[in-house]
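Undergrad: If you're matching them up, the sequences are chains A, B, C and D in order.
Number 385 marks the last residue of the first sequence (the UniProt record's numbering); no jumps.
Number 385 marks the last residue of the second sequence (the UniProt record's numbering); no jumps.
Number 385 marks the last residue of the third sequence (the UniProt record's numbering); no jumps.
Number 385 marks the last residue of the fourth sequence (the UniProt record's numbering); no jumps.
Positions of the beta carbon are idealized from the N, C-alpha and C atoms, including for glycine.
Structure incoming, see below.
Number of protein chains: 4
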Amino acid sequence: MNKSEVDDVVSRVRTFIREQVIPVDDEYDGDIAAAGGDERRRELQAAARAAGVFAPHVPTGLGGLGMNMVDRAPVFEEAGYSLFGPVALNINAPDEGNMHLLDHIATAGQRERYLTPLASGEQRSGFAMTEPSPGAGSDPSALATTATRVDGGWLINGEKYFITGADGADFFIIMARTGEQATMFLAPADREGLTVGRHMRSLDTSMLGGHCEMTFTDCFIPDEDVLGEVGKGFAGAQIRLGPARMTHVMRWLGAARRAHEVAVTHVAGREAFGTRLADLGMMQQMIADNEIDIAATRALLMEACRVLDDGGRASKETSIAKTFAAEALHRIADRAVQMCGGLGTTHDLPVAKIAREIRPFRIYDGPSEVHRWSLAKRAVREITR
Amino acid sequence: MNKSEVDDVVSRVRTFIREQVIPVDDEYDGDIAAAGGDERRRELQAAARAAGVFAPHVPTGLGGLGMNMVDRAPVFEEAGYSLFGPVALNINAPDEGNMHLLDHIATAGQRERYLTPLASGEQRSGFAMTEPSPGAGSDPSALATTATRVDGGWLINGEKYFITGADGADFFIIMARTGEQATMFLAPADREGLTVGRHMRSLDTSMLGGHCEMTFTDCFIPDEDVLGEVGKGFAGAQIRLGPARMTHVMRWLGAARRAHEVAVTHVAGREAFGTRLADLGMMQQMIADNEIDIAATRALLMEACRVLDDGGRASKETSIAKTFAAEALHRIADRAVQMCGGLGTTHDLPVAKIAREIRPFRIYDGPSEVHRWSLAKRAVREITR
Amino acid sequence: MNKSEVDDVVSRVRTFIREQVIPVDDEYDGDIAAAGGDERRRELQAAARAAGVFAPHVPTGLGGLGMNMVDRAPVFEEAGYSLFGPVALNINAPDEGNMHLLDHIATAGQRERYLTPLASGEQRSGFAMTEPSPGAGSDPSALATTATRVDGGWLINGEKYFITGADGADFFIIMARTGEQATMFLAPADREGLTVGRHMRSLDTSMLGGHCEMTFTDCFIPDEDVLGEVGKGFAGAQIRLGPARMTHVMRWLGAARRAHEVAVTHVAGREAFGTRLADLGMMQQMIADNEIDIAATRALLMEACRVLDDGGRASKETSIAKTFAAEALHRIADRAVQMCGGLGTTHDLPVAKIAREIRPFRIYDGPSEVHRWSLAKRAVREITR
Amino acid sequence: MNKSEVDDVVSRVRTFIREQVIPVDDEYDGDIAAAGGDERRRELQAAARAAGVFAPHVPTGLGGLGMNMVDRAPVFEEAGYSLFGPVALNINAPDEGNMHLLDHIATAGQRERYLTPLASGEQRSGFAMTEPSPGAGSDPSALATTATRVDGGWLINGEKYFITGADGADFFIIMARTGEQATMFLAPADREGLTVGRHMRSLDTSMLGGHCEMTFTDCFIPDEDVLGEVGKGFAGAQIRLGPARMTHVMRWLGAARRAHEVAVTHVAGREAFGTRLADLGMMQQMIADNEIDIAATRALLMEACRVLDDGGRASKETSIAKTFAAEALHRIADRAVQMCGGLGTTHDLPVAKIAREIRPFRIYDGPSEVHRWSLAKRAVREITR
């Protein structure tokens, strides 16, 4: 897509979000369940379709705009400007990452059965990987859920939690141990032996379907629903990992930018001690720090996207961009709260909710500590070789 | 009170909080309204009375333990270990500060009518000072609510917001402009012309009665309900200000310490990558930083308390302690969330709620920026004279 | 230049710096005067010419490689790996920026007389703008040095300080007030009325010619030595400003990267408490933070360079990149000192000297505070329009 | 000593330092060797004696004022206001710590031979413990220097480095391995087999005698020069450790306070953009942050001193105070540099030299990382027991 085409999509998304999504988001303080859940989703997605901004990342063959990582970055950022924007455009987590993964390794049958309805917004999905301690959390090698070979397929047993979007999802990608290795499986939500449990009630409330516990009890998966190769589960998940980290950054960047703009507008319209708040040095410092954090996040994000578009795994670049962004974007939202004073802590302004939504990103998709550990090991290896 | 007497109170409060208050707090995720509001308060206060830990700060003549600032610091810290602890001990904001103020400047009649039932927990109160823009927020001199002289008293007109505890309060201390100066007034909640409006729905949910809007429309206050001298409202509020800042620090210090201890216990009981989390260097760094922040907060707090107990205004000391504490205690709670990983963001552990509750303290009682501004001006004055 | 040509220059510079420049730099702890000053410069420049890496930024017509901003970034970074590298390649401040400025606005005569010998390394130069208080420091509009119209030219009077490279410079570009505006002038160092005074003895010692005071006393400048248009001095300086900020970043990025690599190598080769230092979590955190800071600096730098190469003024982009870099690069060097322990504070390792050299960059080229002030004003303007 | 007596000493020290020590310190930019080394020391100590401020920490029986830790804190802080102040008062490291140690465990003969001339300023001393890798650095258990039993005494062999004050010291306390344990020994500097080697040339230049390498080659120590019990070397060093950490904090606190006061005075006397620098919000933020860091350092210091004076080891308290102080005091000095702009990086103002002197304190006396590691382990132990 050339630059002016991208600009055009960006501009249409911006208008759509401000006119049709923000009002809903603000009315419900970013709580998608309170706003109507899937019913609201279908409504917003219909509006997005009407505005010509639905599924910009989806391959054109499946009805999307086929934008690559570099092109979708500013589009996703505009979508993220509202907490409900990603759902409206069908670019929310984990669906967006699941579409990417399915598009790369699903069989023709799996594409038709799972990817097509996902890309069109007919269905929602989950990615069932994380497990309660001592299973697979930050350390995927601790994977405890098992898939045992049976006639014509596999029996899955185990527990998962923090499965984003699980409540109401139509199907799941499930990571399970097959001997020494891991394998990914596909299963519709109504498959026997698969149960979605309680919501984890995390700080964030804008993810449709919440973050839930799941239980697998002798859940049968036929061979045709093995996703990718048996034993190659982690390698398959890698396909999803780097881009999914970056689309997270894109969306949260939009949210943080909104917090910043709301705060700047606030301090530009208030006075204290005879001076406009926006002209006080300590406010200017917060404003400038936000500008710098936004620019640095965007620059690191684009760097990683260029490598991904060039076919690289971008493991280092996405790790750096994700770690920096998770911390910088929360700083931005936190400064926005501070700039707005008392009102910043309330529902009257959208800054506290954005700070609350972004906070878990320092933990989701690999805590900052795990990324730093991995970055350090790589640096020592490269510098001392 | 000698050290062993203080230690004894501390120890009884600790036991009481852990056995009788924490379970309620955790069941309702720190939401006092959800937990039953004033009904729950009366229940908890009865239990505190039975445990001999009720109202440690109240003068002995009014049924309290008469502890000074230095002695009450560790007691309030233990109470703050639960978000509902301060309500249980009747040392919550704004009641505790209002008792202090009334004890210093109320007339005999006012003491009987307002202080006595407040100290006993029969009544609750509000301190109606903060106003929506462009009124008195960070800058008290912008006070917009007026009190006009009429026969036998005053008519108050104006709007307030962020009035903590207003919903359900039995009476209010009201700051209003009388000519060029400000004056404080007392009024029962059912006084005509006084209306408690909507809750501001701030990040914190543990303050009984919330933070509300209030309207005064020709609200009549008889002369006997002028609190302190006419025109000396700000001087009177100063009596309340320093100690109230410090008791806030004491209570939040307890909450932050709980977050820290929960997080340390969490990482001491988990493994990843073959190592106990508590033995990983990055975890140790967070643990040590928490220990340092706790110790520094406590040291600055005690410094200020000593000056207050010696009769000083401690304007600089309380400003430094409040500013440092508001930032340090939130850092502690935020690190606790990070240390607990995904679970740290949920209701399963009490760390996210504590982070959420402490966040507004960087704004309440004077935003950090206003304190820094005042500290800087003082420093320039003192160093260059 | 295509990517493989750039890579080739980068690679040659890397080898040249490590083999021929670092040993000198380390022998003299980065003190260029102690290392022999201009004599040493000529020696190093001859070596650079022999290695085919001299003056990569100089237009090909003047004997350079003609690299644009994007291409020169990695080259300058490699040169900056040694504190003496920039001098060796003739890309040091202020000469490099002065070449850029002269190349854009010098007359044919000025090019021949000033630019040609500067580009070839025959001469050195100074940029005489900064003045002692209350003159032009952070605030250029306070310019106090005057140029008065006389027959056939101008008489300059005033005082300057922090004039980098002044001691031993062959000529100067001088900013002086002409009425309400400012004008730039050229003058050889031996011009009557122009005196280079004492060195300011700043923290850094690697800048050839130091940072000096200068006095102008009825210093006559003929009309032919007016640089650019009369009254357009600040506009002219802008041409130099953005790119000069970025080349500073490139060079210091190289120095900071060296500090990082030295520190990583150090901790990879030591043990304490039975563990390799490089495997301790707190060390890994510092290593990872350095990697992140390096990547973010580079990403912001490249962003600004792309805008400059496209002909933009990049005022916001260079301001952000400079401010972030000045702080990030010092953090990197400071962490490197910490990682190296006691030895890190000594001359045995090159980390303390790099920290010392980079520190002033938070002040030179506009203190961080002035950049933040300007970024904030721009943000308020753009967001609220 | 009562408060007014302490105040009196503080006041006399303040006057003495400003009138007689600061001028020398500033003339030589804090370089004690350049200022004349031991000759200068004797001159300054004579002046201190004349001013009645010599050796305030020394027991009265040895001619000092016998101040305890709490009382000496403000005195040492005033002395530290000049980098040469501690030498003038004979309270510099390592002498002051060595006096403390000798006063606690030296035999009568050792007191006469070593402590008396040390306390009077006749002699200087060193504490030879730290060793080059892989010996005893941060990890004392790696002690590599050995003491072998021979007839009538011990033979010491090994290498030390970073031995503060070694060049010109009259005697040394030496830590050496005796079997599985460590033992401390005393030796005059001219003992055969004891060699003081090169200076390590660290960032700081105000420590008389520098930081040197030392070699022990069959250096004989008679039994009477064993300090404390054989095999109890580390326990003995602990006596010195806690207080020595705190007196370091006291002295550096004085230096940091000077940097702060110089910077405040600077910004109070300058204008830019039409405003006094001291009235700009970003300057006020730095001023306030310095005030907070000074207050917090002092509060943590006093807390630890109280425990030490009460006879506690104060291991946790001194570790917290040292770690916080080393970081806070450098932040203060660094902000002071920034506040002074270009001049702050030069010898014209004393801020850059103070920043340079304080930097190594984050490493000396246990790097921050080691203190944090130890604090974290203690916290986990105490919280989970």
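Does the region 276 to 289 of chain B touch the region 306 to 316 of chain B, meaning 3 or more C-beta pairs lie closer than 8 Å?
TA: The region 306 to 316 of chain B, when compared against the region 276 to 289 of chain B, does not touch it at the 8 Å Cβ threshold.
Undergrad: What are the boundary residues of the beta strand (DSSP E) that includes Val-196/B?
TA: Per DSSP, Val-196/B belongs to the beta strand (DSSP E) from 194 to 199.
Undergrad: Any contact between the region 190 to 202 of chain B and the region 129 to 138 of chain B? By contact I mean 3 or more CB pairs, one from each, below 8 Å.
TA: No: fewer than three Cβ pairs fall under 8 Å.
Undergrad: Does the beta carbon of Arg-372/D sit closer than 8 Å to a beta carbon anywhere in chain B?
TA: Yes, its Cβ sits closer than 8 Å to a Cβ of chain B.
Undergrad: Could you list the residues in the region 201 to 213 of chain A with a C-beta less than 7 Å from some C-beta on chain B, going in chain order?
TA: Hits within the stretch, in order: Arg-201, Ser-202 and Leu-203.
Undergrad: Provide the residue span of the alpha helix (DSSP H) that contains His-260/B, from first to last.
TA: Unbroken alpha helix (DSSP H) run through His-260/B: 233 to 268.
Undergrad: At least one CB of chain B closer than 8 Å to the CB of Gln-45/C: is that the case?
TA: Not closer than 8 Å to any Cβ of chain B, the Cβ of Gln-45/C fails to qualify, so no.
Undergrad: Considering only the alpha carbon of each residue, which of Arg-124/B, Asp-26/B, Arg-14/B and Phe-16/B lies closest to Ile-354/B?
TA: Nearest of Arg-124/B, Asp-26/B, Arg-14/B and Phe-16/B to Ile-354/B, Cα basis: Asp-26/B.
Undergrad: Are the beta-carbon atoms belonging to Trp-252/C and Gly-80/C less than 8 Å from one another?
TA: Yes; because the gap between Cβ atoms is below 8 Å, this pair is in contact.
Undergrad: Based on DSSP bridge pairs, tell me the residues matched to Met-175/A.
TA: Paired residue(s): Met-184/A.
Undergrad: One question on the structure: do Ala-376/A and Ile-156/C come within less than 8 Å of each other, judged by their Cβ atoms?
TA: For Ala-376/A and Ile-156/C, no; Cβs fall outside 8 Å.
Undergrad: Along chain A, which residues have their Cβ under 8 Å away from the Cβ of Glu-369/B?
TA: Neighbours of Glu-369/B on chain A, chain order: Leu-280, Met-282, Met-283 and Gln-338.
Undergrad: Can you list, in chain order, the residues of the region 263 to 278 of chain A whose Cβ is nearer than 8 Å to any Cβ on chain B?
TA: Cβ contacts with chain B: Arg-270, Glu-271, Ala-272 and Phe-273.
Undergrad: Taking the straight line between their C-alpha atoms, what separation do you get for Gly-66/A and Ala-142/C?
TA: Spanning the two alpha carbons is a distance of roughly 55 Å.
Undergrad: In the DSSP assignment, the beta strand (DSSP E) including Phe-162/A goes from what residue to what residue?
TA: Phe-162/A -> beta strand (DSSP E) spans 153 to 164.
Undergrad: Grab the span of the alpha helix (DSSP H) containing Glu-213/D for me, first residue to last.
TA: Glu-213/D -> not in any alpha helix (DSSP H); beta strand (DSSP E) instead, spanning 211 to 222.
Undergrad: Between Ala-352/B and chain A, is the shortest Cβ-Cβ distance under 8 Å, so that the two count as touching?
TA: It does: the Cβ of Ala-352/B has a partner Cβ on chain A nearer than 8 Å.
Undergrad: Please decide whether Thr-107/B counts as near chain D, where near means a Cβ-Cβ distance under 8 Å.
TA: Thr-107/B does not count as touching chain D.
Undergrad: Do Gln-338/A and Arg-362/B have their C-beta atoms closer together than 8 Å?
TA: Result yes, Cβ atoms of Gln-338/A and Arg-362/B sit closer than 8 Å.
Undergrad: Mind checking Glu-303/B: buried by the 16 CB within 10 Å criterion, or exposed?
TA: Counting Cβ neighbours within 10 Å, Glu-303/B comes out buried, since at least 16 surround it.
Undergrad: Step through the CB atoms of chain C and report whether any lies within less than 8 Å of the CB of Ser-315/D.
TA: It does not; no Cβ of chain C falls within 8 Å.
Undergrad: Please determine, among Val-6/B, Phe-324/B, Thr-217/B and Pro-350/B, the residue with the shortest C-alpha to C-alpha distance to Glu-291/D.
TA: With distances taken between Cα atoms, Glu-291/D lies closest to Phe-324/B.
Undergrad: Against chain A, which members of the region 309 to 335 of chain C pass a CB distance test of less than 7 Å?
TA: Listed by position along the chain: Ile-320, Thr-323 and Phe-324.
Undergrad: Going residue by residue through the region 50 to 84 of chain D, where are the continuous alpha helix (DSSP H) segments of at least 4 residues, counting only ones entirely within it?
TA: 69 to 80, all fully within the region 50 to 84 of chain D.
Undergrad: Is the CB of Phe-162/C under 8 Å away from at least one CB in chain D?
TA: Phe-162/C counts as touching chain D.
Undergrad: Please state whether DSSP places residue 427/C in a helix, a strand or coil.
TA: A query on residue 427/C cannot be resolved here, the shown segment of chain C reaching from 1 to 385 and no further.
Undergrad: Let me see if you follow: with CB-CB separation under 8 Å, is Val-249/D close to chain B or not?
TA: Closer than 8 Å: no.
Undergrad: Please report how far the alpha carbon of Thr-215/C lies from the alpha carbon of Thr-346/C, in whole angstroms.
TA: Looking at the two C-alpha atoms, the distance is approximately 37 Å.
Undergrad: State the Cα-Cα distance for the pair His-248/D and Gly-37/D, rounded to the nearest angstrom.
TA: The alpha-carbon atoms of His-248/D and Gly-37/D are separated by roughly 21 Å.
Undergrad: Got a sec? Which residues, its chain only, sit under 8 Å from Leu-300/A by beta carbon, not counting five neighbours each side?
TA: Counting only Cβ-Cβ distances below 8 Å, and skipping sequence neighbours, we find Glu-317, Ile-320, Ala-321, Phe-324 and Ala-325.
Undergrad: So what does DSSP say about Arg-149/B, is it helix, strand or coil?
TA: If DSSP states are grouped into helix, strand and coil, Arg-149/B belongs with the strands.
Undergrad: Whether or not the region 264 to 272 of chain C and the region 223 to 234 of chain C are in contact is what I'm after, with contact meaning three or more pairs of Cβ atoms, one per stretch, closer than 8 Å; do they touch?
TA: Result no; under three Cβ-Cβ pairs closer than 8 Å.
Undergrad: Since Ala-119/A contacts Leu-62/A with CB under 8 Å, what's their CB separation in whole angstroms?
TA: About 4 Å separates the two Cβ atoms, so the contact holds.
Undergrad: Return yes when the Cβ of Asp-223/B is within less than 8 Å of the Cβ of Gly-152/B, no when it is not.
TA: Closer than 8 Å, so yes.
Undergrad: My assumption, with CB atoms under 8 Å, is that Ala-147/D sits in contact with Thr-116/D. Please give the rounded CB distance.
TA: Contact doesn't hold; Cβ gap of about 25 Å is too wide.
Undergrad: If you run the structure through DSSP and keep just helix, strand and coil, what is Leu-227/C?
TA: Leu-227/C: strand per DSSP, three-state reduction.
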